[in-house]
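In the working numbering, the protein residues as written are 43 to 116.
Glycine included, C-beta positions come from ideal geometry on N, C-alpha and C.
Keep in mind it's a predicted model, so treat the numbers as computed, not measured.
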């Protein structure tokens, strides 16, 4: 999916779940249509560096101290 389309999916149908810090980036976690989306944002450069989508709960490991999988039905 092109970067712009990924941004549209997040903006119009993404549900914000959590955020974490990874090195110099803020990583925002969203959920939509059965998959999760991480948005890697650089405050230093004030731009999104990468968008990562995944379906498996294993990718949620860095967030488990902040979210409950039971609430998501996963």
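Sheet register partners of residue i (DSSP bridge)
i: residue 92; result: 82
i: residue 69; result: 62, 82
i: residue 74; result: 77
Reduced DSSP secondary structure (H/G/I, E/B, other) of residue i
i: residue 110; result: coil
i: residue 98; result: coil
7 Å Cβ shell around residue i - same chain, five flanking residues per side excluded
i: residue 108; result: 60
i: residue 51; result: 74
Close beta carbons around residue i, own chain, < 6 Å, minus the five adjacent residues each side
i: residue 65; result: none
i: residue 84; result: 67, 91
Inter-residue spacing [alpha-carbon to alpha-carbon] between residue i and residue j
i: residue 93; j: residue 43; result: 10 Å
i: residue 58; j: residue 81; result: 11 Å
i: residue 55; j: residue 95; result: 14 Å
i: residue 78; j: residue 101; result: 9 Å
Neighbourhood of residue i by C-beta distance below 8 Å, restricted to the same chain and skipping five residues each side
i: residue 49; result: 90, 93
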